[in-house]
Structures are given as C-alpha cells and as structure tokens.
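Asks:
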Amino acid sequence: MAKFEPILLKNRGVVNSTALKVYESRGGYQALRKALKMTPETITEEVKKANLRGRGGAGFPAGVKWGFLPKDRTRTLLCVNGDESEPPTFCNRVLMENDPHQLIEGTIISAFATQAQVAYIYLRVEFHEVFHIVQKAIDEAYAAGILGKNILGSDYSLDCYIHRGAGAYVCGEETGLIESIEGKRGQPRIKPPFPAIEGLFRLPTVVNNVETLSCVPHIIERGGDWFSSIGPEHSTGPKLFSISGPVKNPGCYEAAMDITMRDLLEREDMGGGMLPGKKLKGVLPGGISMGVLTADELDMKMDFADPAKYGLLGLGTAAAVVFDESTDIRAVLRNVARFYASESCGQCTQCREGTAWMNKMATRIESGAGRNEDLDILLETARNMGMMPGLSICGLPDGATFPIETIVKKYRGELEAAIAAQSAEAAEQILQTMN
Amino acid sequence: MAKIIIDNQEVECQEGITVLQAASKAGWDVPHYCFHPGLSIAASCRLCLMEQKMPHPQTREMGWSPKLMPACQTPVRDGLEVRFASDKVKQNRANCLEFYLLDHPLDCPVCDQAGECHLQDYSQRFGNAESRMVDQKHVTPKKDIGPKTLLYTDRCVLCTRCVRFTQEISGTNELCLTNRGSKNEIDVFPGRPLDNPLQGNVVDLCPVGCLLDKSFLFKRRVWELKGTPSTCPGCAMGCSIRVDQADEHVYRLKPRYNPKVNDWWMCDEGRFGFEYVHDDKRIAAPVVRRGKDKTTPEWQDLPGILKTRFETHVREHEGASVAVVLSPFMACEEAWLLIRFIRDIAPSAVLVMGPVPVEGEDQQFPAGATGDAVKFTILKEKCPNKRGIEMLLEAAGGETLAFDAFVEKATAGEFSAGWVVGGYPKAWVEKPVGKAAAKFELLVAQDMFENEFTAAADIVLPACAWVERDGSFANHAGLIQPFARSIEPPAGAMRDGQYLFETAGFEGIYSGERVRELMAATIPAFNEVCEAPPVPAHTH
Ligand SMILES: Cc1cc2nc3c(=O)[nH]c(=O)nc-3n(C[C@H](O)[C@H](O)[C@H](O)COP(=O)(O)O)c2cc1C
Ligand code: SF4
Ligand code: SF4
Ligand code: FES
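These protein sequences, in sequence, are chains A and B. Under the working numbering, the first residue of the first sequence carries the number 1, and numbering increases by one thereafter. Under the working numbering, the first residue of the second sequence carries the number 1001, and numbering increases by one thereafter.
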C-alpha cells in the first residue's frame, strides 16, 4: 500500500517543532494569512465542502455545526475540546505536544469563520506538559501579532485562553466542558438550547475537538475538494489513529479512513503486529466506549460508517486498545464498567445507578462470584440505561453500555465458562463479603 | 390556549407550560422527582419520559420518535402528540424505580416520610416489587446539616430540588452535590450549616425521607395526621398553609400553593411558630370577678353576663365612655361581631387598633433581588390582620384611637368601660398598663396569656389560637384569606367567634363564612375571599 504522506503529523519529529519560527519555516500560518483575506462564509463553505466531520467522537460535520450559530449574534465563543479523557486515546496529545501552532492556526481560522471574539482551549488537568507547550505557543503567537488585537494587521482580533479541567471524563462532553469553564460543577446541560444558540456564558458557542480544528489550516491551504478526496466519501480527510496494548509499536499514526483495524494493528508502519508470544483476543477500536471487536472482526474499516455493522456505537476516538489471550475477559469487563461508574456525573438516574450496578456485577463476576443471570441483567441494564435513545442527558451511558453489551455478547461463552468453573462455596462467601 | 394530544385524548392547555404540567392538570399521573414548578428545570430524574410524534428525518411523515423525551422539559405547542400509555414509557419508569431502590435502605418502618413518600408511591404504582441486585448496598451517611434539619443521604433520590431551592429561592447556596455518579451526595459546605429563614421548604420539596424536620422527627406517623387549610398568622403576608394535627395536637405546618401570596413556600418563623398553641400557661376558662370574688361562669351564661354588664354600665353611668381594643390577631369576623356588640350598646364607643408588632425589616429572597426577581418576602409586620382591622374600623366609622393614645387616655381615667382583646402569641403589653387598667370600672380582657389587663379585668375571656378558630385575615395587600379550624380549643375554653357571635345577639353556631355573609351586606370587600387554587392530584 502506498505510504500515506502525513498531513497533521507532518511536523512530528522535526527538531523544535513546537517553536513558532520552525512552524512558519515549514509553511505555517500561510493558511491563516489566506483565510483573513477570505470571508467567514467562504471559509465555512470550504469546510463544508471538505466534509470535515468532528474528530471528538460524534463525527458531526464541523461546517454544518458552525452554520447553526444565530445570524444576528453579536458575540461568539469558540471552545477547543482538548479534554481527551477517553481511555487509550492520545491523538490530541500528540498533536499538541508536537505541533501546538497547527492547533492555534486552526483555532484562529475557525474563530474567524465563526466570528468569535474569544477562544478557550480546554485541557484535561493531567496534561501538564501539553499545557506548558501550548501556553508557550500562545505567548509566542501573541508576541508575533498572530493572536490578540488586529491579527496579522487585519481587522480581526481574537483572544485565546487555556482552561484546565479538574479531572472528569464528563467534562469532555461539550456542555459539561462549558459548565466547567464557567467554574461550575462539571456536568452536562440539558438541551435545547444547544451551545450554538446558548453556550458558554449563555453566548452562542462552538465546541470542536483539537484534531478537528487542526485539519482546518490544511483545508484552507489546499481546498475542500482536496480534503474530501482523501478517504471514503463519508469519512474524508486525514485521521489520527492510536493503538496501545501488547503490540510491537504502540503509538499514534496518521492515515486516510480507508484502513481497517487489521491494518492499524499489523502494518509495519503502524502497530506492527502483536508482541512476540502474544495472541490477540480482542480490541476496543474506538476508545473503550464504542465496544469490542473479536479477533475475527479485524476487517472492520476505521471509518464513520463501518463500525455499526459490527455492533459498535461508532468510530469514537479511533484509539484502539488491544488485549491478548492471557487477559481474563472478566477483567476487561470489570475495568470498563469501573470507568463509567466512577465517571458518570450522576445527574440522570439511569446512568448514575446503571453504571454503578453494572460495576458491582462486573466486579463480582471478576472476583469469582458471577451468575449466568448476571450476564442477562448486564444486557438488560445496558438497554435500560443507555441503548434506548433519550434516556439521559448526555452520551456517556451510550458509551458505557456499548462495550458492556458487546463484551457480554461476543465473549459470552468464555464468561459462562469462567462462571461454571467457580467453586460454589467460594462464590457464596465472596457474595457475602463484597461491596 | 394550545391543543395537544395525550394518549389519543385531546387536551386543552395554557401556552407556555410543560407537557408534564398539562398532563397532570388533565388528570394524568406522571411520575416525577426533579421537576417542581417553582424551580428551574433539571430534567435529570428521567422518570417523566414520554414518547412524542415527530416528522421522520427523511420522509417527514409523522411517527413515534424512537427517542424518549422528558415531559418536564418539553413545552406544549399546538398539535403536539405524546403518549405515556406505551410499553416503552412504562418500562422506563419501572427501570428507573428499580435503579432508585438498588442502594436504598428500605427502612420505611422507621422513616418519617413513609405514607407520603413518592418513592413508596411510585414503586407501588409504577415499579417492580423485587430487586434483582444481590450485591451489597452502597451506604451513605446520615448528616446533621443544620439546627432544624437532618439529611439521611441513603434515602436520597438525588433530584436536586433542595439544592436548587437554596440557589434559586433562598439564594443562600448552602446545599451542594458532592462526588460523582452513584457516590453523589447532597451536602453542606464545611462550617456553613443549612440555616436560612426559608430552609424548612427543602423538607417539603424532598420527595422522599431524606431531608427531615428535626421538630417532627419520630413524632407521628403521617397517615394519622389530618390536614386543614389555613393561613399563617406569622406576618402580614398570610401564607397559605396546611395545619397537620392529630389528637387535637398540631404537629406541623406546611405551605400550600398560592400564586397570589406565597407560591409554594413559607418561612421558618411561621412554620415553627405554633409552639405557643400547646403552652399550658394559656388561659382556658372565663373568669368573672366581683371584688375579691372570682367565679368561672358557665359558657352559656356568658353572653348574657357580658350584655347585662355593658348595658347596665352605660345606663347607670352618665357620660359613660367605652373603648374597645381590637387585636390584629383577631379574625375579621370576630372583630366585626365585637364592634357590632359594643356599638349597639354604646354607639360612640372608641375603637382602638391594638399594637402592631414590627420586627426588623422586610426580608426579600433571594437576597438582593428586586422586582420580579423577588421569590419570597417575609414582612416585618408580625401579625396577620392589621389590614382587616383597619378595614373594619373604617367601615364602622366613629372615633378611633391608636393604642398608645388609648393607654394615655385610659391612665388619665377617660374611659369608664373597656374591652381589650389580645391574642398575641408573645407578650404584647410592652409598657406598664396597670395604672390604665385600674381606671376602668368595667374591663373585659380577652387573651391567651396573663398580663396586666387580665389581672385587672372584671371579666377575663380566654382567646383561642388561630388553629382553634375560623375566620379570615386580610393580608398586607388587602387579600381576604380564610382559615379553617383545625383543633379544639383547650378544655374549658370556647372559640372566640362563638361567644362573640352569641354576645352580639346571634343564635346558633358561629362560622366565618356565615358571618362574612352578614358583613358583606355593608362591607362589599367581604363578598370575595382569596382561596388558594386546587393543585392537581398527582403533583408534588
Ligand atoms: C461523555 C463524553 C465525553 C466526551 N469527551 C470528549 C473529549 O474528551 N474530547 C472531545 O473532543 N470530545 C468529547 N466528547 C464529544 C463532545 O461532546 C463534542 O461532541 C465534541 O467535542 C465536538 O467536537 P467535534 O465536532 O469537533 O468532534 C465527549 C462526549 C461525551 C458524551
Ligand atoms: S448521562 Fe450520565 S454523565 Fe451524562 S449527564 Fe446524565 S448522569 Fe451525567
Ligand atoms: S435530599 Fe431530597 S430534595 Fe434533596 S436531592 Fe435528595 S431527594 Fe432530592
Ligand atoms: S426528568 Fe422530568 S421530572 Fe425529572
């Protein structure tokens, strides 16, 4: 297969890639200069033409989202979602660590296109290194007249701040993020109103993912048609994929969305296959929230459409985590369940109680006191708390239930065998003592 | 008016309300915890979810959307079609209720809320009887969160009504939500107890037995209580309330919804201000003194005694001068009867407005709010019926006096006969009035507790507490609000209205309504009283 020419990661590995002058010497901020001579509408049109779908997980077309802003608004805010809290996911981090100016350039162009006055870059608190890198880049950009008043001599002005979270997955959800920036308890808001109408500080607001915005300079530089020519029709443009677990080359890779899970795992320029002596048992290909693929399902395409055919919620964060035959599937189940139980913000009954109950069951199953009926209750709870639409305020329970459901369905034989192998006495004792 | 369709039935409803409100009003029983019409919409309990007809995204054909929608967050609009009577909706309710009970201690036998608990009720009406959870329950603590309130977090359904109340109505922000997920707990901040003048409302708002009123804790099972509609006498606002009693003992007061007065709320001062009702120092029997001689007359003789004494006094005293002190704690009807009696015998009798207790300043909530943003006001005028007495004085005409001037004149011996009504919950005679009281040749003191007037009076009449009487108070804005009798007066006492009714020459049983009809003939304002509107059956 022809080697994909990196676009988003083209500066990775370049010495001092985070410095403004290195970025500029490699063509940086030319797209911004071009954009400032365009109108906001033509930029938005170009982004629509590119069919740039959000990289934050939901895949919503960015240009369409910008179009939801009220026409008669006077103030607009842009939030850059760098919360990246989805387990095994680190694509945003790679982008910001290696090329903060690419993000800043994308942010300024998108802010100009949406006529925003202020941009907030929201970083999860654990991103200490990233914070310093991006802050330094922002300072450099201000000093060079790229941020602040009259950007590059134009009429357009933009301020840009970093806001650091306090360690909550749910603050990656766009309205949870907004509450968090406002200094409130990080929990999603009820919609409507949607952020485009009433978002941060009750002003029209656009929230986009770091990778989404990092694509924008390239769309402006090379055109929406160029962008949309990359990858399948419904899943255009360059995309970052990450892979971790017992593979030869864990890391973040760039490709068009025509690759399969197998490519990501096995290609020499990507995962490079399993570590010697390890045999793949399964993979959670889109962060953990999308669900699991078995060793037989690796031909799934890593695009926005194919995952549904495998019972998955979607492409998610395109961050695959692999587990091998030595991994007890009960531990996978429990680890997944535990994450959502501790990350549900707890507003919605189904999500709050469902995640906790699933965690209790999964923990007990792992400890050796499972019952076959627990597997049925897990499936039923998954349906009752997340899979039926509208049950809750945000998408967290959907993400909580797809991995649980697919693990239970796809590995049921193994789970039942483990349960059958339990000693009845030990199981009884565990049941009495666990909480 | 908007027309919507609920479960195939057309329902007409007011614009601007939510489907939940429209459905409740039309008689549907839609379970809900987080929604309360006086608070912002949280739409988080997800109990009220319904199905809604929507156009298909491609074909635009109308059909049931696969997505359940919160009825509490969906505004009504013409043509909207929803349904609650579907398996999907019912299944969601049952699931939710199963979820609620997972970590619930099921300690209903010792829970104060049992009997008026919406978790009990909903579990029975919409839930499953059994829990399928075999794991240990997650146990959360019982907390003492303030001088008057306890928080048993293990019973909490996390509806956040209480939190929103302190944010949006009292504006004091004492309550918050800590932790995440099923470890969520309602809490106060360190060193900042729940102690605002409206805090008792959070106990009313709590749909379960999580927030508990210390003064009511373990006192009585709620199904033994009988509620009577009433009006709070604590200040000139006159909040609509319900008096809950059992065995002639008042256990608690609860606010009733009245959009003209108090919305859904009442203040703590009013809520807990009924202790005096059961004070054993209350005057319970009438006393007639002749010199050192003290007798307790039969109630049936009293009207005659009163009438004869005043008639004789006026007949035998050339230039007799009679004064009547009317208390702002009297019902309008009682005051009207007394005025009628006195002016019949002594047409030039002077009418005196009793002291009007004032404490501090009016308090508005949330603090600092003005205009429409004000959600609740506690008035500094600490009596229920100053306006009513004023209306009656005006209607009666003739000479009136302020209380201080009355005391001065009485001290100077300008009145030969008087009738002084008190009935204040607290000691009300501030200045020494012994000298004034001693000057009367005939003095009737009608009061709840002993004071210098009752000590000097020739006839002492027990006054009853408002929960033992019925009648109406006119609040600061002139709204005439009825209150009903909840309990019997202490043994030996008779309701003020009854003996005043008989003394004024009427026969039969006194009732506020009956007297109001008589009053309305000359004072048209009494044609109409302000009644709190009924609340739909399944709302809370
Ligand atoms: C529970 C939850 C967590 C989320 N976390 C993130 C996140 O960490 N980063 C992110 O970009 N989007 C996250 N999202 C998606 C955002 O809500 C939002 O869709 C996204 O930021 C929009 O940007 P995009 O359109 O550019 O993808 C999360 C969504 C949910 C429901
Ligand atoms: S669905 Fe879960 S995480 Fe999302 S708002 Fe509701 S309780 Fe919070
Ligand atoms: S304490 Fe009561 S009112 Fe407050 S959140 Fe819990 S259940 Fe709701
Ligand atoms: S979600 Fe509608 S009442 Fe709670």
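Note that CB positions come from ideal geometry on N, CA and C, so glycine has one too.
1. Considering only residues of the same chain and omitting the five flanking positions on each side of A:T18, which have a CB-CB separation below 8 Å?
2. Measure from the alpha carbon of A:H128 to the alpha carbon of each residue in A:E140, A:T114, A:I151 and A:G167, then state which is nearest.
3. Could I get the ranges of all uninterrupted beta strand (DSSP E) runs contained in the stretch 189-259 of chain A, with 3 residues as the minimum, in chain order?
4. Along the beta strand (DSSP E) that carries A:N81, what are the first and last residues, could you check?
5. When you measure from the CB of B:V1188 to every non-hydrogen atom of ligand 3, does any distance come out below 7 Å?
6. Does any C-beta atom of chain B lie closer than 8 Å to the C-beta of A:E353?
7. Is it buried or exposed for A:M1, if we count other Cβ within 10 angstroms and need 16 for buried?
8. List the residues of chain A whose Cβ lies closer than 9 Å to the Cβ of B:V1089, in chain order.
9. Going by DSSP, what residues sit across from B:D1447 in a beta bridge?
10. Using 8 Å as the threshold, is the stretch 1335-1348 of chain B in touch with the stretch 1387-1395 of chain B, meaning 3 or more CB pairs across them?
11. State the start and end residues of the unbroken beta strand (DSSP E) segment that holds B:Q1009.
12. Please list the terminal residues of the continuous alpha helix (DSSP H) segment that includes A:K34.
13. Show which residues of chain A have a CB atom less than 9 Å away from the CB atom of B:S1327.
14. Should the stretch 1232-1249 of chain B be regarded as contacting the stretch 1514-1526 of chain B, the criterion being three or more beta carbon pairs within less than 8 Å?
15. Judging by CA-CA distance, which residue of B:K1439, B:F1453, B:K1426 and B:S1131 is the nearest neighbour of B:D1279?
16. Reducing DSSP to helix, strand and coil, say where B:G1227 ends up.
17. Apart from the five residues just before and just after B:L1379, which ones in its own chain have a Cβ nearer than 7 Å to its Cβ?
18. Identify whether B:N1184 lies in helix, strand or coil by the three-state DSSP scheme.
19. Give a single yes or no on whether B:V1076 has its beta carbon closer than 7 Å to a heavy atom of ligand 2.
20. Measure from the C-beta of A:C91 to each C-beta in chain B and report whether the shortest distance is under 8 Å.
21. Give me the DSSP bridge partner(s) of B:I1006.
22. Residues of chain B with CB under 7 Å from A:E24, in chain order?
23. Would B:L1039 and B:F1165 be called neighbours here (beta carbons separated by less than 8 Å)?
24. Can the beta-carbon of B:P1384 be found closer than 8 Å to that of B:F1449?
25. Please list the terminal residues of the continuous alpha helix (DSSP H) segment that includes A:E174.
26. Would you please state the rounded distance, in angstroms, between the beta carbons of A:T327 and B:F1099? I believe it to be under 8 Å.
27. Please specify which runs of the alpha helix (DSSP H), each continuous and at least 4 residues long, are wholly inside the stretch 358-412 of chain A, giving them in chain order.
28. Just verifying my parser: in three-state terms, what is the DSSP assignment at B:Y1122?
29. Would you kindly check if the distance between the Cβ of A:L52 and the Cβ of A:Y156 is under 8 Å?
30. Might you give, ordered along the chain, the residues of its own chain that have their beta carbon closer than 8 Å to the beta carbon of A:L240, omitting 5 neighbours on each side?
31. What residues are listed by DSSP as bridge partners for B:S1472?
32. Helix, strand or coil: how does DSSP classify A:M1 here?
33. Output yes or no for whether 8 Å exceeds the beta carbon distance between B:V1203 and B:D1187.
34. Please classify B:H1313: does DSSP put it in a helix, a strand, or coil?
35. Can you tell me which of the three DSSP states A:D303 falls into?
36. So who's on the other strand from B:T1178, going by DSSP bridges?
Replies: Straight from the coordinates:
1. As a first step, residue 18 of chain A is located in the first sequence; it is residue number 18 there, counting from the start. Within the same chain, A:T18 has close Cβ partners E97, N98, D99, P100, H101, I133, K136 and A137.
2. Here residue 128 of chain A corresponds to residue number 128 of the first sequence, with the count starting at 1. Out of A:E140, A:T114, A:I151 and A:G167, A:G167 has the C-alpha closest to the C-alpha of A:H128.
3. Qualifying beta strand (DSSP E) stretches, in chain order: 205-209, 238-244 and 251-256.
4. Numbered from 1 along the first sequence, position 81 holds the residue referred to as residue 81 of chain A. Per DSSP, the unbroken beta strand (DSSP E) holding A:N81 starts and ends at L77 to G82.
5. Within the second sequence, numbered from 1, the residue matching residue 1188 of chain B stands at position 188. Checking the Cβ of B:V1188 against ligand 3 gives no.
6. The sequence position of residue 353 of chain A within the first sequence is 353, counting from 1. The C-beta of A:E353 comes closer than 8 Å to at least one C-beta of chain B.
7. Residue numbering aside, residue 1 of chain A sits at position 1 when the first sequence is read from its first letter. Only weak support exists for where A:M1 lies, its pLDDT of 47 falling under 50; the coordinates are left without a value.
8. The residue you call residue 1089 of chain B lines up with position 89 of the second sequence. Those within 9 Å of B:V1089 in chain A number zero; the least Cβ separation is about 11 Å.
9. Locating residue 1447 of chain B in the second sequence gives position 447, where the first residue counts as 1. Paired residue(s): B:P1462.
10. yes
11. Here the question's residue 1009 of chain B lines up with position 9 in the second sequence. Residues Q1009 to C1013.
12. Reading the first sequence from its first residue, position 34 is the one you call residue 34 of chain A. Looking at the DSSP string, the run of the alpha helix (DSSP H) that includes A:K34 is Q30 to K37.
13. Position 327 of the second sequence, counting from 1, holds the residue named residue 1327 of chain B. Those within 9 Å of B:S1327 in chain A number zero; the least Cβ separation is about 50 Å.
14. no
15. Reading the second sequence from its first residue, position 279 is the one you call residue 1279 of chain B. With distances taken between Cα atoms, B:D1279 lies closest to B:K1426.
16. As a working mapping, residue 1227 of chain B is identified with position 227 in the second sequence. It is a strand residue.
17. Against the second sequence, residue 1379 of chain B aligns to sequence position 379. Closer than 7 Å at Cβ, skipping near neighbours: C1235, A1236, M1237, D1362 and H1476.
18. Looking up residue 1184 of chain B in the second sequence gives position 184. DSSP places B:N1184 in coil when its eight states are reduced to three.
19. Here residue 1076 of chain B corresponds to residue number 76 of the second sequence, with the count starting at 1. No - ligand 2 has no heavy atom lying nearer than 7 Å to the Cβ of B:V1076.
20. Counting from one through the first sequence, the residue named residue 91 of chain A turns up at place 91. No, its Cβ sits nowhere closer than 8 Å to a Cβ of chain B.
21. As a position in the second sequence, residue 1006 of chain B is number 6, starting the count at 1. B:Q1009 and B:V1082, per the DSSP bridge assignment.
22. To locate residue 24 of chain A, count along the first sequence from 1; it is residue 24. Near A:E24 there are no residues of chain B at all, since even the closest Cβ is about 43 Å away, more than 7 Å.
23. Mapped onto the second sequence, residue 1039 of chain B falls at position 39. Mapped onto the second sequence, residue 1165 of chain B falls at position 165. Cβ distance < 8 Å, so B:L1039 and B:F1165 count as in contact.
24. As a working mapping, residue 1384 of chain B is identified with position 384 in the second sequence. As a working mapping, residue 1449 of chain B is identified with position 449 in the second sequence. No.
25. Taking the first sequence and counting its residues from 1, the one referred to as residue 174 of chain A is at position 174. Residues E174 to I181.
26. Your numbering for residue 327 of chain A matches position 327 in the first sequence. Your numbering for residue 1099 of chain B matches position 99 in the second sequence. Not really, about 30 Å apart at Cβ, beyond 8 Å.
27. 372-382 and 396-410
28. Mapped onto the second sequence, residue 1122 of chain B falls at position 122. It is helical.
29. Locating residue 156 of chain A in the first sequence gives position 156, counting from the first residue. Locating residue 52 of chain A in the first sequence gives position 52, counting from the first residue. Cβ distance not < 8 Å, so A:Y156 and A:L52 don't count as in contact.
30. Position 240 of the first sequence holds residue 240 of chain A. The residues are L8, L9, R55, C91, V94, L95, E211, C252, Y253, E254 and A318.
31. The count along the second sequence starts at 1 and reaches residue 1472 of chain B at position 472. Paired residue(s): B:P1482.
32. Translated into positions along the first sequence, residue 1 of chain A becomes position 1. Its pLDDT being 47, under 50, A:M1 is placed unreliably by the model, and nothing is read from it.
33. Here residue 1203 of chain B is taken as the residue at index 203 of the second sequence, counted from 1. Here residue 1187 of chain B is taken as the residue at index 187 of the second sequence, counted from 1. It is not a contact, given that the beta carbons lie outside the stated cut-off.
34. The residue you call residue 1313 of chain B lines up with position 313 of the second sequence. If DSSP states are grouped into helix, strand and coil, B:H1313 belongs with the helices.
35. In the first sequence, residue 303 of chain A corresponds to position 303, counting from 1. If DSSP states are grouped into helix, strand and coil, A:D303 belongs with coil.
36. By 1-based counting over the second sequence, the position of residue 1178 of chain B is 178. DSSP lists B:E1185 as partners of B:T1178.
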